[in-house]
């Protein structure tokens with residue numbers, strides 16, 4: 235005599251093919267230094283055609299869903315201080331990849347010794363009162379604000395950068411500091427000025443959080459530069475841009491400022507690149523990330 239399956243077991247059987255497919259159609263692996271074999275943390279892993287991606291954790295591990303739109307694609311790996319790498323991927327389970335990255339050669343520019351007095355100059359947001367709203371990102375995403383040298387002063391090295399951390403979300407979660415030249419398409423962030431990993435964590439939210447960069451000897455471009463916050467993940471967590479139905483990471487939340495009539499903030503998403511924010515309030519003031527910097531001003 236045939237026994238009837240319990241209703242729960244029946245639904246589990248129906249779901250097994252879908253669960254099996256989800257497990258088979260994924261990409262996992264680890265990113266390491268080609269010479270030392272040490273893990274490369276916080277590297278972005280993007281699928282060019284799929285437009286999705288993920289971020290390695292501090293141990294270099296990553297995972298993301300496999301191909302859905304196409305049968306083959308290019309897996310692009312990029313991170314601070316290493317050469318860009320691409321791998322050819324086909325649909326199906328691609329697990330336990332070991333991706334080796336080569337260190338990028340950093341060519342130091344000519345050091346000019348300039349006479350004169352050195353004073354402090356503040357660039358960027360000058361307000362202590364954030365605007366309404368929140369700026370939050372997914373792992374691997376960035377928000378970059380252009381700290382412009384409006385008065386065309388003679389600049390020296392970057393001293394500090396500051397972010398206004400919101401009181402919501404998880405203010406103590408770590409993030410990575412990025413500095414860029416405005417030499418991309420349409421003056422977007424492009425070339426790294428800060429070529430070392432600077433991962434920091436604020437003690438609390440609802441105030442400015444300042445990072446001292448004076449020991450890195452970073453010359454400030456005369457027109458100004460971008461200061462960016464990059465959201466990262468830690469531990470054994472793997473969050474990807476196409477798993478967001480199950481998890482929404484908040485991490486650090488920045489607050490916006492409406493001090494400027496021009497858009498100075500760009501956002502970056504793995505697999506999609508940089509985009510200029512053009513939101514404005516009712517008074518025509520643009521929605522910008524609340525970021526500032528201090529640099530040497532040579533008199």
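Residue numbers (this note's numbering): 235 to 533.
For glycine and all other residues, C-beta sits at the position ideal for the given N, C-alpha and C.
Tell me the rounded alpha-carbon separation between residue i and residue j.
{"i": "residue 259", "j": "residue 325", "result": "7 Å"}
{"i": "residue 255", "j": "residue 297", "result": "For residue 255, the pLDDT reaches just 37, beneath the cut-off of 50, and the residue's location in the model is therefore unreliable, leaving the point undetermined."}
{"i": "residue 516", "j": "residue 485", "result": "29 Å"}
{"i": "residue 498", "j": "residue 322", "result": "36 Å"}
{"i": "residue 302", "j": "residue 328", "result": "13 Å"}
{"i": "residue 567", "j": "residue 272", "result": "Because the chain in this structure spans residues 235 to 533, residue 567 falls outside the shown range and cannot be described."}
{"i": "residue 331", "j": "residue 338", "result": "22 Å"}
{"i": "residue 456", "j": "residue 282", "result": "34 Å"}
{"i": "residue 521", "j": "residue 397", "result": "15 Å"}
{"i": "residue 312", "j": "residue 305", "result": "23 Å"}
{"i": "residue 257", "j": "residue 395", "result": "Residue placement at residue 257 is poorly supported in this model, since its pLDDT is 49, which falls under 50; the coordinates are not used for a value here."}
{"i": "residue 524", "j": "residue 369", "result": "9 Å"}
{"i": "residue 411", "j": "residue 434", "result": "8 Å"}
{"i": "residue 400", "j": "residue 381", "result": "20 Å"}
{"i": "residue 318", "j": "residue 333", "result": "11 Å"}
{"i": "residue 533", "j": "residue 424", "result": "29 Å"}
{"i": "residue 496", "j": "residue 269", "result": "45 Å"}
{"i": "residue 478", "j": "residue 288", "result": "The predicted model places residue 478 with a pLDDT of 43, which falls under 50 and marks its position as unreliable; any figure quoted below should be read in that light. Their Cα atoms are separated by approximately 11 Å."}
Going by C-alpha distance, which of the options is nearest residue i?
{"i": "residue 507", "options": "397, 377, 454 and 448", "result": "377"}
{"i": "residue 463", "options": "268, 261, 276 and 267", "result": "276"}
{"i": "residue 420", "options": "487, 453, 510 and 429", "result": "510"}
{"i": "residue 429", "options": "418, 447, 435 and 491", "result": "447"}
{"i": "residue 335", "options": "360, 278 and 513", "result": "278"}
Is the CB of residue i under 9 Å away from at least one CB in chain D?
{"i": "residue 463", "result": "This model lacks chain D altogether, as it is built from one protein chain only."}
With which residues is residue i paired in a DSSP beta bridge?
{"i": "residue 301", "result": "DSSP lists no partner for residue 301."}
{"i": "residue 428", "result": "None, per the DSSP bridge assignment."}
{"i": "residue 285", "result": "Paired residues: none, contrary to the question."}
{"i": "residue 322", "result": "308"}
{"i": "residue 494", "result": "Partner(s): none; residue 494 has no beta bridge."}
{"i": "residue 337", "result": "316"}
Throw me the rounded Cβ distance for the residue i and residue j pair, which I believe falls under 8 Å.
{"i": "residue 372", "j": "residue 531", "result": "At roughly 37 Å, the Cβ-Cβ gap does not stay under 8 Å, so residue 372 and residue 531 are not in contact."}
{"i": "residue 307", "j": "residue 284", "result": "6 Å"}
{"i": "residue 505", "j": "residue 262", "result": "Residue 505 to residue 262, Cβ: 17 Å. No contact."}
{"i": "residue 409", "j": "residue 465", "result": "6 Å"}
In chain order, which beta strand (DSSP E) runs of at least 3 residues are fully inside the segment 503 to 530? Secondary structure within the segment 503 to 530: the beta strand (DSSP E) runs of 3 or more consecutive residues, fully enclosed, are 507 to 510 (chain order).
Could you pull out every unbroken beta strand (DSSP E) segment of at least 3 residues lying fully inside the segment 343 to 385, listed in chain order? Counting only runs of 3 or more, we get 352 to 358 and 376 to 382.
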